[in-house]
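*Asks:* Just so you know, we're using UniProt numbering here: the sequence shown kicks off at 1 and counts up by one.
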Amino acid sequence: MMRARAGETRAALLFISPWIIGFLVFTAWPVINSAYLSLTDYDVINDPNFIGFDNYVTLFQDPKVGLALRNTFVFTVMSVPVQLVVSLGLALLLNSAARATGFFRTVFFLPKMTPPVAIGILLLLLFNGQSGLINSALGLFGIEGPSWTTDPDWVKPGLVLMSLWTVGASVIIILAALRAVPQQLYDSALVDGAGWWRRTLRITVPMISPTLFFLFVVDSINALQSFTEAYTAFFGSGNTTYSNDAALFYVIYLFQQAFEFLHMGYASALAWVLFVVIMVITAVQILLTRRYVYYEGDRP
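1) Compare the Cα-Cα distances from TYR186 to each of SER96, LEU178 and ILE203 and report the closest residue.
2) DSSP on THR40, reduced to helix/strand/coil?
3) So, does the region 66-73 touch the region 82-98, judging by three or more C-beta pairs under 8 Å?
4) Going by CA-CA distance only, name the one from TYR56, ASN135 and THR40 that's closest to ASN49.
5) Could you pull out every residue in the same chain whose Cβ sits closer than 6 Å to the Cβ of TRP154, ignoring the five residues on either side in sequence?
6) On the three-state DSSP scale, how would you describe ASN128?
7) Could you please give me the residues that DSSP links to ASN49 through a beta bridge?
8) So the candidates are TYR56, SER170 and THR27; which of them puts its Cα closest to the Cα of ASN222?
9) Using only CA atoms, which one of LEU92, PHE109 and VAL77 lies nearest to TRP197?
10) Going by beta-carbon coordinates alone, are THR211 and ALA177 separated by less than 8 Å?
11) Just to confirm, are ILE174 and ILE208 a CB contact at a threshold of 8 Å?
12) Which first and last residues belong to the alpha helix (DSSP H) in which ILE20 is found?
13) Going by C-alpha distance, which of SER226, MET264, PHE261 and HIS263 is nearest ALA247?
14) Between ILE134 and PHE127, how many whole angstroms is the CB-CB distance? I'm expecting something under 8 Å.
15) Near TYR231, what residues of its chain come up, given a Cβ to Cβ distance below 6 Å and the 5 sequence neighbours on each side ignored?
16) Mapping the DSSP letters down to three states, classify THR240 as helix, strand or coil.
17) With distances taken from CA atoms, which of SER17, ALA11, PRO206 and ASP219 is nearest PHE75?
18) Starting from MET264, follow the alpha helix (DSSP H) in both directions and report where the run begins and ends.
19) Going by beta-carbon coordinates alone, are VAL160 and VAL82 separated by less than 8 Å?
20) For ALA269, tell me which candidate among VAL280, ALA283, ILE281 and TYR250 has the shortest Cα-Cα distance.
21) Would GLU229 and LEU123 qualify as a contact pair, given that the criterion is a beta-carbon distance under 8 Å?
22) When burial is assigned at 16 or more other CB atoms within 10 Å of the CB, is ASN55 buried or exposed?
23) Would a C-beta distance cut-off of 8 Å place SER38 and GLY195 closer than the cut-off?
24) Using a Cβ-Cβ cutoff of less than 7 Å, which residues in the same chain neighbour ARG99 once the five nearest sequence positions on both sides are dropped?
25) Looking at VAL293 and PHE213, is the spacing between their C-beta atoms short of 8 Å?
26) When we look at the beta-carbon of VAL284 and count the other beta-carbons within 10 Å, is it buried (16 or more) or exposed?
27) Where does LEU140 fall in DSSP's three states?
28) With DSSP run on the structure shown, which of helix, strand or coil describes GLY80?
29) Strictly under 8 Å for the Cβ-Cβ distance: is GLN285 near chain C by that measure?
This is the structure we're talking about:
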């Protein structure tokens, strides 16, 4: 029996070896190498020059790092709750739809397939302060729209609104969770006279709280790593007309240091700081699950 188990183990390792090799070559090694590069002065052209923790000292003294972190945190705090609420609302509508649920499920998900670069260009077209579709629609109601792409106070709200373009995947995930809520819970609540709002708060949200928490963590990580849409809209293709510090997210600044200024060692230090920040925020979120997330297997 031990020989059979050893044979099964070798077969399993053989089947997953492509993934193991890919992980070691394309994930583990770059991570380890970036940790070393963060301790060096490296410009791609010359060999790395070991300088210890000088990059980290410079990082904490760099005012652009503080600005980029602040912009990233503000965007995350604004975008994640909005995405969750909109996704939950759309999923509730789909769950209550008797017909054409499959059609609308596809319609909501299709925008997720849009390339991020196209979303960045679409942002400039829709949120243009003079001729954008959003301000034109607001003008029909007598509302003067703001300068979404040039006013620092409105840059991040515009990016938050554009992030709603790709909530389709979250809608599908929440819809699957809604379909798994036992119907007898709703029936008992109806017998007790609970209305729709009370049933949603007391039954639906607690029963799908693990899914909401999963999306909360994933959306937070994605927001902290926001890059493509903002870079395309405000920094890409030599665009200087709309560029301003309000759109300077952390990963954009990291990208600039690495590929525009060739400060690879400094960029590696920036990447490791972001890694630590994401780990800390995720750990805090996980600790909160003990109080706010309900798992069906839990016992009172």
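Glycine is no exception: its CB is placed at the ideal position from the N, C-alpha and C atoms.
*Replies:* From the atom records:
1) As a first step, residue 186 is located in the sequence shown; it is residue number 186 there, counting from the start. It is ILE203.
2) Counting from one through the sequence shown, the residue named residue 40 turns up at place 40. Correct three-state label for THR40: strand.
3) no
4) The residue given as residue 49 occupies position 49 in the sequence shown. Per the Cα distances, THR40.
5) Start at 1 with the first residue of the sequence shown, and residue 154 comes out as number 154. Once the five neighbours on either side are set aside, the close Cβ partners of TRP154 are PRO146 and TRP148.
6) Residue mapping note: residue 128 aligns to position 128 of the sequence shown, counting from 1. ASN128 carries a coil assignment under DSSP once its states are collapsed to helix, strand and coil.
7) Here residue 49 refers to the residue found at position 49 of the sequence shown. Paired residues: ASP41.
8) Along the sequence shown, read from residue 1 onward, the residue named residue 222 stands at position 222. The shortest C-alpha separation from ASN222 is found at SER170.
9) Numbered from its first residue, the sequence shown carries residue 197 at position 197. Residue LEU92 is the option with its Cα nearest to TRP197.
10) Working through the sequence shown from its first residue, we reach residue 211 at position 211. Working through the sequence shown from its first residue, we reach residue 177 at position 177. Yes.
11) As a working mapping, residue 174 is identified with position 174 in the sequence shown. As a working mapping, residue 208 is identified with position 208 in the sequence shown. Result yes, Cβ atoms of ILE174 and ILE208 sit closer than 8 Å.
12) Stepping through the sequence shown from its first residue, residue 20 is reached at position 20. Element bounds for ILE20: 2-23.
13) Mapped onto the sequence shown, residue 247 falls at position 247. Closest by alpha carbon: SER226.
14) For this step, residue 134 is matched to residue 134 along the sequence shown. For this step, residue 127 is matched to residue 127 along the sequence shown. Going by Cβ atoms, the distance from ILE134 to PHE127 rounds to 5 Å, so yes, they are a contact pair.
15) On the sequence shown, residue 231 is found 231 positions in, with the first residue counted as 1. For TYR231, where only same-chain residues beyond five positions count, the Cβ hits under 6 Å are ILE252.
16) For the purposes of this step, residue 240 is taken as residue 240 along the sequence shown, with counting starting at 1. Caution applies to THR240, whose pLDDT of 49 falls short of 50 and renders its modelled position unreliable; the value that the coordinates give is listed next. It is coil, neither helix nor strand.
17) Taking the first residue of the sequence shown as 1, we reach residue 75 at position 75. Selected option, being the one with the closest Cα: ASP219.
18) Within the sequence shown, residue 264 is the residue found at index 264, counting from 1. Start and end: 264-292.
19) What you label residue 160 is simply residue 160 of the sequence shown in a count that begins at 1. What you label residue 82 is simply residue 82 of the sequence shown in a count that begins at 1. Yes, the pair counts as a contact, with Cβ atoms nearer than the cut-off.
20) On the sequence shown, position 269 is the one that residue 269 refers to. Ranking VAL280, ALA283, ILE281 and TYR250 by Cα distance to ALA269 puts TYR250 first.
21) In the sequence shown, counting from the first residue as 1, residue 229 sits at position 229. In the sequence shown, counting from the first residue as 1, residue 123 sits at position 123. Yes.
22) Taking the first residue of the sequence shown as 1, we reach residue 55 at position 55. So ASN55 ends up on the buried side.
23) The residue labelled residue 38 in the question sits at position 38 within the sequence shown. The residue labelled residue 195 in the question sits at position 195 within the sequence shown. No.
24) The sequence position of residue 99 within the sequence shown is 99, counting from 1. Excluding positions up to five away in sequence, the list is empty.
25) Here residue 213 corresponds to residue number 213 of the sequence shown, with the count starting at 1. Here residue 293 corresponds to residue number 293 of the sequence shown, with the count starting at 1. Contact flag set, yes.
26) Residue 284 sits at position 284 when you count from the first residue of the sequence shown. Result: exposed.
27) One-based indexing of the sequence shown puts residue 140 at position 140. Coil at LEU140, not helix or strand.
28) Translated into positions along the sequence shown, residue 80 becomes position 80. Strictly speaking, residue 80 in this sequence is Val, with Gly absent from that position. Here VAL80 sits in helix by DSSP.
29) The structure shown contains no chain C; it holds only a single protein chain.
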